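Chains as they are written, first to last, in the numbering used here: chain A, 289 to 767; chain B, 425 to 881; chain C, 459 to 943.
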């Protein structure tokens, strides 16, 4: 699907993305953001998405809260019958916040009825029942709420335009497309999503993902600027890209050997960066590696923390991709686009036999050419894979439906604990943010959502969202 | 009349005229006409005489010795080591070799290990026209009054191929581009002139319930098609009910004699063709498939109008109507599609197998030639067996059943004494593609001899 | 074409001397375990040379009584199993037991077992001792054939390099395996139908050198002849240079810089490393193609060969192969006095004159729209039509097995059931050329990839495999009192 991208009033050619991938000093893009409402994104599945217009005509508490938390609290005090009340007067020491919840779903531990969460500086200090907390802590009464970690979407293009691009672009990063207007993620917050991994569009190797928060202080929005490398289901392209990356490594090694032969002496252990230590002989300057392939080189050299997320459209894709992965060993996870009809049932055993994280869509589809349904999520989870869930497509609607869909999966035989983990902890682990997010544990950040009931009961809504210890969103409730 | 000679004379005549240097006189004009006219009369006389005299061109009597005769009659007769005597276009005698003595003057043909069957009968053919043209005249959504009697081209290449496959009789019908395409014609695969090949005209009515006529106007629905078809048939029915006079043996309408006491009813050349249809003397062959469409056919054609119905195609999931169809007297002639890929259960379901297992016994197969070549009718039966049918009913389904479906069973369709000698001789089980047809006899005459030289099929 | 197996009709008489020799040979093989096992690791075809005599060697033929063969094979098999040393990778064993084995290049064994190790056949015989962890496929009462070879197939494998693009879980592949097809020509690659994996998928690539030699393009024809002539000259010079070098003369090698792209392909053609394919249907085209092959002495396969029967002798003399559709129908052209048009006897006449005939159906793909018997699902029926044209059942079976493999240049690996060949086996519920026979089990590279009873496609059709087979006897055809299904 072609998308003409407007920038500075100039029509760019389809596929040519102005400024993306390169830092832009031209902020007319932001003015163009005024017309953000007229952008439409074309996700793979689901309908077109209309981003929120920048010039919102209606006031929303979320926007105010994110800008002035203190002021919000004041308003709350003055506002009659608020669902949450500050029980103590605001004081200078805002460090400690205590949440007294009707139920706390910690994800990593037990579910606590009448649980207490103590936050300090936006991080969880302790969680349990009947905990001690400082007297001057700000108290949040959530006795009629269920508190759980915010949901994390491990792969999304929400709010971003679609475009076609092919080839290897390992140097591109979705962070360069990330210029959200303030209310961009309102619907996601309503849906309970506190973090998203945004990926570049295209096929082949489009680039790296960025993990962002859906709200919160601007300096804390971007969680990881360069997360996993996105690889789509094009086996041939991937193989060729890895081959090229390997040849680049060879090229550097060859140059190093030549340098050694020429000048003798010792050089530092194999590295692709030029050495900064002064030496008597001319320093070895490795030939530059093509920027697009640098990340593949890093993957091949097993740089810690770098992982590829490989997308698969069908079971045969796995078989072909496996050939490539056997030839070039890299750290990887899989994203399976299981839809209403998918044949991934063929590879359950194969995937279970290897330690792997999977991203799946929360659908129970059919076996191809048949009316027989197959609960792939349960099968993979039951076989021992670590399953994360991503919404069906990139629309706000699907994000909002997520809990309902997961409830359906659980009802058809999946374990509730696994289901809740797949929305929170497993995505955090996949994205390498397990120390910061994904569960309510000591030391993790306070990205929490407050629901007015059990998350897997239909009709239950997210009422409030807290990010980094700050209340950032309150849902609008019909009177 | 030999058309070639007429045109040749005409062209010669034109040349003569062109070369004349002087203007023609009256005598010249008379001479000009008389010469070719005499020639024409001279040429046509023997032919005309021959046509009138059935004794002139009688085939020689045959004595066929075969290893097995599968008579495919209603008694399921099978005779091993049999002799069949053929004389004057009819089966004179049939029995084990010990019981049938071969008289003098009979040409003896010993076929060793071969099987003898009735000539194969096709109930759904479009290839007698010799090509893809003349299949449909899509003038209106329903075209009553159209007739295919002049469409079949005798001895065209496709018909010759049909003979090589043992096929002796076909019901040639117009296509399914419109809901009512006209009248079909029952033709023999042997014969060199239209008169020789035509066995019955009108042979059948042709109706296409759905599944092609939608595109006549570029998009019609079944609502309109069914309504329109019903109106047409009702008009025909009303006309036919007014005409109570008998039909000629050939099924053609006869005008009432001038002194008849019946009420004078206007003769309508279009509706008059329908009289044998509503008198249940000829069938209506309905192109129909899919559950809903066949249901409509059964309801309208068989139920409402009470016509003698031959359901053509009956493919896709129409077999699910087996319990309904078996309670009627409709015939199911399935083809050319033999299976349906059921996408809700990931299964290949054989159509005929479905009909059979649901209790329908009046079931056969067709080729819808030239979609499947006419000579492969026996192979269609084989494929139906692969998908779950049984071999003997399959043999019946291309001889006995189809000839009954088109109303010719009294004349052909089984090997019985007294019937027309339409026979086919095979090297073995006829529906096994490994068996070849060695000889096809139509009306007692050898129309295809595969024993000499190279066989094309 | 590499021809490992004899493709003549086999003589089943065995002299006692040969049997004795064979038994002695088996004994020798049995007493040399170490050497046998070392070769075992690399190539399973090394072992059981005795097993090879069942089907391979033209001179020594096994006894008509299977028992004598069995003893030799048993001895060899025992030797094998004791000889194979344990490897770090676990060996996979599969046995198809008690079936009527049609080896195609050898005799029909009424009741035999085929033992496969990994992806090769290691033993064929009766009463074979099986390894403990062997997967057993029961073929009692069934007929066992080699996997069928489709000399042309579209829609089963992916485009370009099938190893990269094939949907190995695709419905088309599933249906083709239900038809018994285990090897197919996809584009210009010979590939197997390895359902569920890409291991061992590609067999030979590229399969052919495509030559354009149509009479409607005289310039291209002349160019082709000129190019072939040039390459042939080069090869002559190369040979001369080699001889001169051996004789000690100081000579320059002939220039070979220009031998690339199409010239490289022609070079492979003339050195018999490659096979050429020409599409030709008319008498004249076929005669020209045969003449070209004879003149330049390369392996030729003609595609189509509708009128091949008119020039069968020439094609046979050129040693050509032909990929034909038996049922291709074309009426004779009345304008000519010479024979024209298509005939059902085409396959037989070509085979009689020594042409290697491979048979494909009218639609060489898998179709789902309902017309039965015209696509790859009924490849065996096309061979049955060849019998209609006068071929024997055995020869007709060859056109979809060993001869088709030969035409594709892979007859050293597939196309018959012999020790050392790939374990591509199909188990059918009757004579493969009968119109009611269905495949029950398909094995590719030693793995069961299709099981009729477990696959939803055809499991409901005659599930027990028992059917009312018309026998040529006094009782056929039956009356209408059928036994309950």
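Glycine residues also receive a C-beta, built at the ideal position from the N, C-alpha and C atoms.
These numbers were taken from a predicted model, which means no experiment stands behind them.
For residue 629/C, the residues of chain A that pass the 8 Å Cβ criterion are 656 and 657, in the order they occur in the chain.
For residue 671/A, there are no neighbours in chain C by C-beta distance under 7 Å, as the nearest C-beta there is about 17 Å away.
Going by beta carbons, residue 782/C and residue 799/C fall outside the 8 Å limit.
Judged by beta-carbon spacing, residue 572/B lies within the 8 Å limit of residue 596/B, meaning their Cβ atoms are closer than that value. Distance between residue 489/B and residue 587/B, taken at the CA atoms: about 21 Å. Beta-bridge pairing by DSSP links residue 894/C to no other residue. In chain order, 779, 861, 864 and 865 place their CB closer than 6 Å to the CB of residue 814/C, counting only its own chain and leaving out the 5 sequence neighbours on each side.
Under the 8 Å criterion on CB atoms, residue 613/C is classed as non-interfacial with respect to chain A. Counted as a single uninterrupted DSSP element, the alpha helix (DSSP H) harbouring residue 807/B occupies residues 801-810. Interface annotation for the region 761-781 of chain B against chain A: 767, 768, 769 and 770, criterion Cβ-Cβ distance under 7 Å.
Residue environment for residue 707/C: exposed (fewer than 16 other C-beta atoms within 10 angstroms of its C-beta). Residue 796/B sits in coil when the DSSP states are folded into three classes, being neither helix nor strand.
Residue burial is scored here from C-beta neighbours: residue 729/C has fewer than 16 other C-beta atoms within 10 angstroms and is therefore classed as exposed. Here residue 667/C is not near residue 752/C, since their CB atoms are 8 Å or more apart. Residue 744/C and residue 615/C have their C-alpha atoms spaced approximately 30 Å apart.
Secondary structure at residue 574/B: coil, using DSSP grouped into helix, strand and coil. One finds 760, 761, 762, 795 and 796 in chain B with Cβ atoms closer than 8 Å to the Cβ of residue 829/C, taken in chain order. Taking 8 Å as the cut-off, the beta carbon of residue 486/A is found closer than this to the beta carbon of residue 445/A. For residue 809/B, the neighbours in chain C by C-beta distance under 8 Å run, in chain order, 893 and 894. Residue 585/A places its beta carbon 8 Å or farther from that of residue 598/A. Assignment of alpha helix (DSSP H) within the region 641-667 of chain B, counting only whole runs of 4 or more residues, yields 646-666 in chain order. Burial check for residue 759/A: the Cβ neighbour count within 10 Å reaches 16 or more, so the residue is buried. Proximity to residue 608/A across 590/A, 589/A, 635/A and 428/A peaks at 635/A, based on C-alpha coordinates. Per the coordinates, the alpha-carbon of residue 752/A lies some 32 Å from the alpha-carbon of residue 622/A.
Taken in chain order, the members of the region 898-914 of chain C whose beta-carbon sits within less than 8 Å of a beta-carbon on chain A are 914. Burial check for residue 724/B: the Cβ neighbour count within 10 Å reaches 16 or more, so the residue is buried.
For residue 582/B, the uninterrupted alpha helix (DSSP H) run begins and ends at 581-588, by DSSP. Within the region 545-601 of chain C, the runs of beta strand (DSSP E) at least 3 residues long that lie entirely inside it are, in chain order, 551-560, 566-575, 578-583 and 593-596. With respect to chain C, the C-beta atom of residue 607/A has a partner C-beta closer than 8 Å.
Put simply, the backbone Cα of residue 584/C is about 10 Å away from that of residue 557/C.
In the three-state reduction of the DSSP assignment, residue 529/A falls in the helix class, which pools H, G and I.
When the alpha-carbon of residue 422/A is set against those of 433/A, 517/A and 406/A, the nearest one is in 406/A. Note on the region 684-748 of chain B: whole beta strand (DSSP E) runs with a minimum of 3 residues are 708-712 and 733-737, in chain order. What residue 803/B touches in chain C, judged by beta-carbon distance under 7 Å, is 831, going in chain order. Boundaries of the alpha helix (DSSP H) around residue 622/C: 620-623. A distance below 7 Å between beta-carbons, with the five flanking residues on each side excluded, links residue 679/A to the following residues of its chain, in chain order: 441, 686, 687 and 690.
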